[in-house]
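The structure appears right after this line, and notes come after that.
Residue numbers (my numbering): -3 to 63.
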């Protein structure tokens, strides 16, 4: 909520005594079949083709325009 992101992103942060501090937002991290994002989904039972289809369907349903 703090950065109002949607969809695929990798957020790099540091944990400090005062809480997390965002360092960088990478809006297109690695997305091959051996990258961590699809591997995490695969570990929960979602294969690569299903992940891609779900992401496309979600983007189409969200529509276009300024966010």
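All C-beta atoms in this analysis are idealised placements derived from N, C-alpha and C, irrespective of residue type, glycine included. Small disclaimer: the values here were computed from a predicted structure and weren't measured.
- A direct Cα-to-Cα measurement between residue 16 and residue 45 gives close to 33 Å.
- Shown here for residue 8: same chain residues with a beta carbon closer than 6 Å to its own, the five before and five after excluded, namely 19 and 20 in chain order.
- Counting only residues of its own chain and dropping the five nearest sequence neighbours on each side, residue 28 has a CB closer than 8 Å to the CB of 34.
- In this structure, residue 37 sits near residue 47, with a CB-CB distance shorter than 8 Å.
- Assignment of residue 11 by DSSP, reduced to helix, strand and coil, places it in the strand class.
- Bridge partners of residue 17 according to DSSP: 10.
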